[in-house]
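To keep things clear, I will list the structure first and then write my remarks on it.
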Amino acid sequence: MRNWKYIFIALVSIFFAQSVQAEEAAAKKLTYEERMKIIEDKFSAAAQEGKTVKGVAVEGNSLFNGTTSPQKNYEQPYSKEELRPAKFSAERNSKVFILTKDGTLYYPTPRKGESVSQSMNSPRIPRVLTEAQKKGPKLNTWATLVPLVGREVEVYGEVYPGYGGIKGVCIESIKFEGDPQFDK
Amino acid sequence: MAKQKIISLKSIFYTAVSLVWIFGLSAIGHIVMVLIEKNSPEIKFDFGKICFVVGFVTIYLTRFLKSDGWQSFVGILGGFGMWFSWEYSLMYAGERMGVTYAWNGSYPEYRMMQWSVIALVMVFTYLMYQESVRCNFIYFLRRKLRLMRGVVATGKIDNYGPRTAFEYIMVTWTFYVLLMIAYDEQLFGKESWFTYLVFFASFSVFFYLCYKLLGYDKFGANLKYSIPTVTILWNDVEILAKWGMLKEPWVHINWPIMSVIIGGFAVSTYLIINDLRKRKREAIESKDVI
């Protein structure tokens with residue numbers, strides 16, 4: 001057994017390779033384009049039925065401690081001086097909410113029944129592009145909530161009754177104008 | 001009188017091939033990550049584990065290689081695999097701890113990597129005083145800062161593989177940390193003077209390093225010194241993308257451009273392997289003559 005270490009290394013490599021193959025086989029395989037098409041179709045159907053949520057992404061800490069009042073002016077929820085710290089807070093993982101024109105707050109949540117979950121500021125959300133955006137310069141086909149603070153967004157997803165007037169929304173897809181990473 | 005540097009056609013060829021190979025490797029690494037994230041995100045962490053095992057085994061295997069060229073070539077691949085696994089481990093940590101994207105678009109794994117800066121400095125401090133380290137930049141610092149009591153390292157290096165892997169990891173780590181510090185809007189910011197400084201300094205140093213690279217005419221040395229050269233150029237690529245002036249073909253999956261890069265990588269891989277095999281044959285034949 002002079003070569004036991006090579007056998008061990010080979011077995012470890014095969015083990016990892018197998019686990020990837022097994023997961024791949026288990027996953028229901030749709031191409032990226034097919035998945036995006038389904039997401040877009042669902043979004044536009046929901047938008048036509050008025051089932052999407054349209055509102056401004058607002059930063060929770062400054063809203064709840066009264067440092068900012070994005071609810072007072074839907075068109076311009078933050079002044080230039082307020083927006084920068086609000087974004088810093090959001091990237092430090094304070095919660096981001098969706099505030100609609102009628103004043104309802106939506107708290108982005110994971111899917112119902114998911115008991116261990118992560119902060120919803122982090123995951124990538126598939127982005128639905130408008131026809132004009134598709135024809136223009138290439139944009140990311142996903143977004144996360146932090147760079148969207150202060151921007152109007154339209155989200156599609158299951159809405160939960162929530163608590164104390166604040167509703168939950170499990171965001172499946174999102175639509176917005178511009179490119180938050182580069183817009184000044 | 002200043003020494004006249006001899007730049008031969010041969011050294012230009014070795015330099016160009018090495019630069020294309022390292023650049024192609026980095027670009028392919030990026031597009032692989034993007035494609036996994038896009039098409040099969042469920043396998044990404046398993047892929048990271050595989051990269052670790054493959055990287056580790058590859059570095060180990062360099063001990064069986066005799067030539068400096070093969071050791072460096074395989075060592076880079078080993079370092080590349082291990083680097084990949086570190087990025088995936090940080091991605092996993094980011095998900096576990098709920099680290100968000102920055103509002104200027106920086107990814108959670110790199111935001112976390114930024115704060116490994118002190119770990120980086122600690123490792124670098126050790127390297128500055130480690131007698132056997134032959135890095136030109138560290139030599140320069142030792143000389144200028146008068147760090148060493150005695151003479152600097154001499155003697156033969158038996159295996160360049162782990163050294164090259166470590167070089168790849170250290171160089172990549174250093175420049176990621178530097179870029180993340182530059183992009184941090186609470187320190188400098190992507191439009192700050194510091195980012196501009198990094199951009200222009202990287203641009204100038206890239207040409208200087210290319211000139212230095214032209215002094216080598218073997219794949220071992222050329223590949224090793226191409227790592228910092230390409231990584232410094234990569235700073236500019238990253239900064240231009242951050243400014244929105246460049247749509248990286250490996251992020252936005254521009255197949256025509258990627259095909260050229262993958263083609264260049266394939267051709268350069270062929271040329272490197274061909275040359276290393278030829279040198280090996282020549283070495284065996286010359287032994288036979290003796």
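Protein chains in written order, with the numbering used here: chain A, 1 to 184; chain B, 1 to 290.
All C-beta atoms in this analysis are idealised placements derived from N, C-alpha and C, irrespective of residue type, glycine included.
Count the other CB atoms within 10 Å of the CB of residue i; is the residue buried (16 or more) or exposed (fewer)?
| i | result |
| --- | --- |
| S117/A | exposed |
| A57/A | buried |
| M120/A | buried |
| F291/B | Nothing can be reported for residue 291/B: it is not among the residues displayed for chain B, which extend from 1 to 290. |
| R163/B | buried |
| S106/B | buried |
| A132/A | exposed |
| L35/B | exposed |
| R127/A | buried |
| Y270/B | exposed |
| F206/B | buried |
| E167/B | buried |
| D41/A | exposed |
| W361/B | Given a span of 1 to 290 for chain B in the structure shown, any question on residue 361/B remains unanswerable. |
| I169/B | buried |
The beta strand (DSSP E) that contains residue i, what's its start and end?
| i | result |
| --- | --- |
| C170/A | I166 to K175 |
| E109/B | That residue, E109/B, is in no beta strand (DSSP E); its alpha helix (DSSP H) goes P108 to Q114. |
| E152/A | E152 to Y163 |
Between which two residues does the alpha helix (DSSP H) holding residue i run?
| i | result |
| --- | --- |
| V171/B | G161 to Y183 |
| G60/A | G60 to F64 |
| Y208/B | W193 to L213 |
| Y139/B | N136 to L145 |
| E87/B | D68 to M97 |
| T229/B | F219 to K242 |
| I7/B | No alpha helix (DSSP H) holds I7/B; DSSP gives it neither H nor E. |
| Y126/B | V117 to Y129 |
| I39/A | Y32 to Q48 |
| F64/B | Unbroken run through F64/B: none, as it is neither H nor E. |
So is residue i in contact with chain B if we call contact Cβ pairs under 8 Å?
| i | result |
| --- | --- |
| V146/A | yes |
| Q71/A | no |
| F176/A | no |
| K138/A | yes |
| Y32/A | yes |
| A132/A | no |
| E91/A | yes |
| E172/A | no |
| V241/A | Since the first and last residues shown for chain A are 1 and 184, residue 241/A lies out of range. |
| N121/A | yes |
| K87/A | yes |
| V169/A | no |
| F43/A | no |
| Q48/A | no |
| Q118/A | yes |
Is there a Cβ of chain A sitting closer than 8 Å to that of residue i, yes or no?
| i | result |
| --- | --- |
| N104/B | yes |
| P256/B | no |
| Y331/B | Nothing can be reported for residue 331/B, as the shown portion of chain B is limited to 1 through 290. |
| E95/B | yes |
| L9/B | no |
| P249/B | no |
| Q292/B | The structure shown does not extend to residue 292/B, since chain B is modelled only from 1 through 290, so no value can be given for it. |
| G244/B | yes |
| Q130/B | no |
| G24/B | no |
| P108/B | yes |
| G98/B | yes |
| Q186/B | yes |
| H252/B | yes |
What does DSSP give as the partner residues of residue i in its beta bridges?
| i | result |
| --- | --- |
| F97/A | V58/A |
| A143/A | I125/A |
Does DSSP put residue i in a helix, in a strand, or in coil?
| i | result |
| --- | --- |
| E81/A | helix |
| L105/A | strand |
| A2/B | Bear in mind that the predicted position of A2/B carries a pLDDT of just 49, short of 50, making it too unreliable to give a figure here. |
| V260/B | helix |
| V53/A | strand |
| W21/B | helix |
| P249/B | coil |
| F188/B | coil |
| T130/A | coil |
| S26/B | helix |
| S195/A | Since the displayed chain A opens at 1 and closes at 184, residue 195/A lies outside it and no answer follows. |
| I59/B | helix |
| F182/A | coil |
| T68/A | coil |
| R111/A | coil |
Within 8 Å of any Cβ in chain D, is that where the Cβ of residue i sits?
| i | result |
| --- | --- |
| N39/B | Among the protein chains of the structure shown, namely A and B, there is no chain D. |
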